[in-house]
Amino acid sequence: MVGRIQGLKRGWHERSKIEKVEFQSMAMWHAMPWIFLLSWGSVPLLAAVRQGPLPLALGCSLLLAAVLQCVHVNRTMRRSLDHFLKRAQPPRRDLAVSLALMVTTLGLVVALQAVRGVETETLTLATMFAVMPYGQSLAFAVPIRTFFIRFAVIAAATLAAFAAIGVHDGRLVGTAVVIALGTLVSLLSSRCGAWTLAVMWEADRAREVEARLAVAEERLRFGRDLHDVMGRNLAVIALKSELAVQLAKRGRPEAVDQMVEVQRIAQESQREVREVVRGYREADLAVELAGAQGVLEAAGIDCRVTGPSAGLSVPVQSALGWVVREATTNVLRHGDARRCDITLTITDERTSLAVENDGVPEAAPDGRKGSGLAGLRERLAAVDGTLDLTSGEGRFRLVAEVPLARPRQDAGRPKDRPQDGRHHQEEAERVTR
243 MVGRIQGLKR
253 GWHERSKIEK
263 VEFQSMAMWH
273 AMPWIFLLSW
283 GSVPLLAAVR
293 QGPLPLALGC
303 SLLLAAVLQC
313 VHVNRTMRRS
323 LDHFLKRAQP
333 PRRDLAVSLA
343 LMVTTLGLVV
353 ALQAVRGVET
363 ETLTLATMFA
373 VMPYGQSLAF
383 AVPIRTFFIR
393 FAVIAAATLA
403 AFAAIGVHDG
413 RLVGTAVVIA
423 LGTLVSLLSS
433 RCGAWTLAVM
443 WEADRAREVE
453 ARLAVAEERL
463 RFGRDLHDVM
473 GRNLAVIALK
483 SELAVQLAKR
493 GRPEAVDQMV
503 EVQRIAQESQ
513 REVREVVRGY
523 READLAVELA
533 GAQGVLEAAG
543 IDCRVTGPSA
553 GLSVPVQSAL
563 GWVVREATTN
573 VLRHGDARRC
583 DITLTITDER
593 TSLAVENDGV
603 PEAAPDGRKG
613 SGLAGLRERL
623 AAVDGTLDLT
633 SGEGRFRLVA
643 EVPLARPRQD
653 AGRPKDRPQD
663 GRHHQEEAER
673 VTR
C-alpha cells in the first residue's frame with residue numbers, strides 16, 4: 243500500500259504543469275454531477291416523496307435514471323473534452339445516450355408532478371439537475387450557439403409537458419428559470435475550464451515550436467560558420483596543393499614551401515572548427531542569463547538574476563553559459579518550482595555562478611548521475627572549474643566556480659596568412675612564371 247502511494251506521488255510529480263491542471267479539471271468535472279445529484283436530486287427527493295406504490299416507484303425510477311446520468315457523463319467526459327481539444331472525433335453516440343437519459347429523467351419528473359407524488363419545490367430542483375449532465379457533455383462537443391438552440395428546444399418541450407398536466411402561471415415560469423439556470427451552470431462550469439485548457443495547450447505547443455525553431459536556427463548558424471571556415475580554407479588548400487604538384491614536377495624547391503603552408507592552413511582550420519563546435523565565437527553569458535530568465539518567467543516561475551557578467555573571458559562565458567542552459571532545463575523538467583534565483587559573483591580570483599530553486603520532490607533522482615550534469619563537469623574542467631550540487635528541504639542548489647581568467651586575446655589571422663583565394667592565385671601565377 244505504501245509503495246503504491248509512493249508510486250502515485252512519483253507519477254504526479256512527473257506530470258507537467260499543464261497535465262496537472264487538466265487532471266484537476268477532469269476530477270472536478272467528474273465530481274460535479276454527483277454533488278448536484280446529492281444536493282438537488284436524491285436527498286430532497288427521498289425526503290419528500292409521498293407514500294404509495296406509484297409515487298415510490300416513480301421516485302425510485304427517477305433516482306436510478308439520475309444515477310445513470312452521472313455514470314454516463316463520467317464515461318463521456320474524456321471523449322468530449324478530447325474532441326474540444328481537437329484530439330478526437332465528437333462522441334455522437336455517447337451524446338445520444340446522454341440525451342435519452344435526460345429525456346427519461348425529465349419524463350419521470352413530469353410523471354411525479356402529474357400524480358402529485360412530490361412537492362413542486364422538490365421537483366423544481368430535480369428538473370434543474372436533470373439538464374446538467376447532458377449539458378456538461380454537450381458543452382464540450384458543439385459550438386455555443388448550437389448548445390443554446392438545443393437547450394431552447396429541450397426547455398420548450400419540457401414546459402409544454404408541464405403545461406399539459408396542468409402546471410401554469412408562476413410554477414411554469416419557475417420551471418423555465420431553473421432549466422435556464424441549470425443550462426448556464428453546466429455551460430460555464432465546463433466550457434470556461436475547457437477553453438482555458440485549450441489556451442494552455444496551445445501555448446505549450448507554441449513554446450515547443452519556438453524551441454524547434456531555435457534549434458533549427460542554431461543548426462543554420464553552425465552550418466554557416468562551418469561553410470565560412472572550411473569553404474575558404476579548403477579552396478586555399480586545393481589551390482596550394484595543385485601549385486605544389488606543378489612545382490614538384492618542374493623540380494623547383496618552392497614546392498616544399500607550398501606544402502608547409504598547406505599544413506599550416508589545415509592546422510588552423512582544425513582550430514577554427516573546434517571553436518565553432520564549442521560555440522566560442524558567439525558565447526555571451528548575458529544573453530544566456532536573459533534567455534533563462536525569460537523562459538522561466540514564461541513558465542510561471544519567478545526568476546531573479548543578480549550579478550554582472552561583463553569582463554569575463556570567452557572560455558569562461560561559454561562554460562558558464564552551458565551551466566545556465568542545463569540548470570534552466572532541470573528547473574523546468576524536474577519538480578514544481580515557483581522561484582529560481584541565479585546569482586553571479588566575480589572576485590579577484592574566481593567567478594561563481596549559483597542557481598537555486600524550490601519545488602524539488604522528496605523522491606527526486608540523484609542529479610549527480612545525469613548525463614547533462616556530467617557534461618557540465620567536463621566543460622568546466624576544461625577551464626579548471628568545479629561543479630557542486632546540494633539538495634534538501636525541497637530546494638536544489640547548483641554552484642559552478644571557475645578561476646578568473648583574462649579575456650583571451652584574439653590574435654586574428656597570422657600576418658603571413660593569405661586573406662583569400664585571389665591572393666593565392668596571384669602568387670601561383672607569379673611562381674609558375
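Heads up: take any position in the sequence shown, counting from 1, add 242, and you land on our numbering.
Just so it is clear, CB atoms sit at the ideal spot from N, CA and C, and this is done for glycine as well.
Residue j beta carbon less than 8 Å from that of residue i
i              : j                 : result
isoleucine 543 : alanine 596       : no
tryptophan 282 : alanine 397       : no
leucine 527    : glutamate 591     : no
methionine 268 : methionine 319    : yes
alanine 308    : serine 284        : yes
glycine 377    : phenylalanine 393 : yes
leucine 615    : glutamate 568     : yes
glutamine 311  : leucine 343       : yes
serine 551     : leucine 574       : no
valine 360     : alanine 290       : yes
proline 297    : leucine 354       : yes
isoleucine 584 : valine 547        : yes
tryptophan 564 : arginine 621      : yes
leucine 414    : leucine 350       : no
alanine 381    : serine 432        : yes
leucine 627    : leucine 586       : The sequence given here has glycine at residue 627, not leucine. No. Outside cutoff.
Counted within 10 angstroms of its Cβ, other Cβ atoms place residue i as buried (16 or more) or exposed
i                 : result
threonine 571     : exposed
valine 373        : buried
glycine 301       : buried
phenylalanine 638 : buried
arginine 619      : exposed
valine 478        : buried
aspartate 658     : Reliability of the predicted coordinates at aspartate 658 is poor, the pLDDT of 41 falling under 50, and the value obtained from them is presented with this limitation in mind. Result: exposed.
valine 395        : exposed
valine 419        : exposed
glycine 473       : exposed
phenylalanine 278 : buried
alanine 383       : buried
phenylalanine 265 : exposed
alanine 676       : What is shown of the chain runs 243 to 675, which leaves residue 676 out entirely.
alanine 642       : buried
cysteine 582      : buried
glycine 553       : exposed
threonine 589     : exposed
valine 409        : buried
isoleucine 421    : buried
valine 566        : buried
Rounded separation between residue i and residue j - CA only
i                 : j              : result
glycine 636       : glutamine 535  : 21 Å
arginine 292      : proline 375    : 26 Å
leucine 288       : leucine 280    : 11 Å
proline 562       : asparagine 475 : A small correction: the amino acid at residue 562 is leucine; proline does not occupy that position in the sequence shown. Straight-line Cα distance between these residues: approximately 31 Å.
valine 451        : valine 602     : 27 Å
leucine 680       : isoleucine 407 : Residue 680 falls outside the range modelled here, since the chain spans only 243 to 675, and no answer is possible.
proline 495       : proline 557    : 42 Å
alanine 273       : histidine 314  : 13 Å
phenylalanine 678 : proline 295    : Outside the modelled stretch of the chain, which goes from 243 to 675, sits residue 678, for which no answer is possible.
aspartate 499     : lysine 482     : 10 Å
serine 322        : threonine 347  : 22 Å
aspartate 276     : arginine 454   : The amino acid at residue 276 is misidentified as aspartate; the sequence shows tryptophan. Their backbone Cα atoms lie some 44 Å apart in a straight line.
valine 515        : glutamine 509  : 10 Å
serine 633        : glutamate 598  : 10 Å
arginine 335      : proline 286    : 32 Å
valine 644        : glutamine 512  : 26 Å
leucine 426       : arginine 449   : 34 Å
valine 625        : cysteine 434   : 53 Å
leucine 462       : glutamate 517  : 16 Å
alanine 330       : threonine 593  : 53 Å
leucine 640       : leucine 327    : 38 Å
methionine 370    : threonine 417  : 8 Å
serine 428        : isoleucine 386 : 12 Å
arginine 358      : valine 345     : 20 Å
According to DSSP, residues forming a beta bridge with residue i
i             : result
aspartate 544 : Arg581
proline 596   : Note that residue 596 is alanine in the sequence shown here, rather than proline. DSSP, once it has assigned bridges, lists Thr585 and Val641 as partnering alanine 596.
leucine 629   : Ala642
glycine 533   : None; glycine 533 has no bridge partner.
glycine 691   : With the chain running from 243 to 675 in the structure shown, residue 691 is simply not present.
Chain B contact for residue i (CB, 8 Å cutoff)
i           : result
alanine 477 : Among the chains in the structure shown there is no chain B, since it carries only a single protein chain.
- prompt: With a cut-off of 8 Å, do at least 3 Cβ pairs link the segment 452-468 to the segment 492-505?
  reply: no
* Asked: On the three-pair Cβ rule with 8 Å, is the segment 479-497 touching the segment 439-452?
  -> no
Is the segment 257-267 in contact with the segment 394-409, if contact means three or more CB pairs nearer than 8 Å? The answer is no - the segment 394-409 does not touch the segment 257-267, with fewer than three Cβ pairs under 8 Å.
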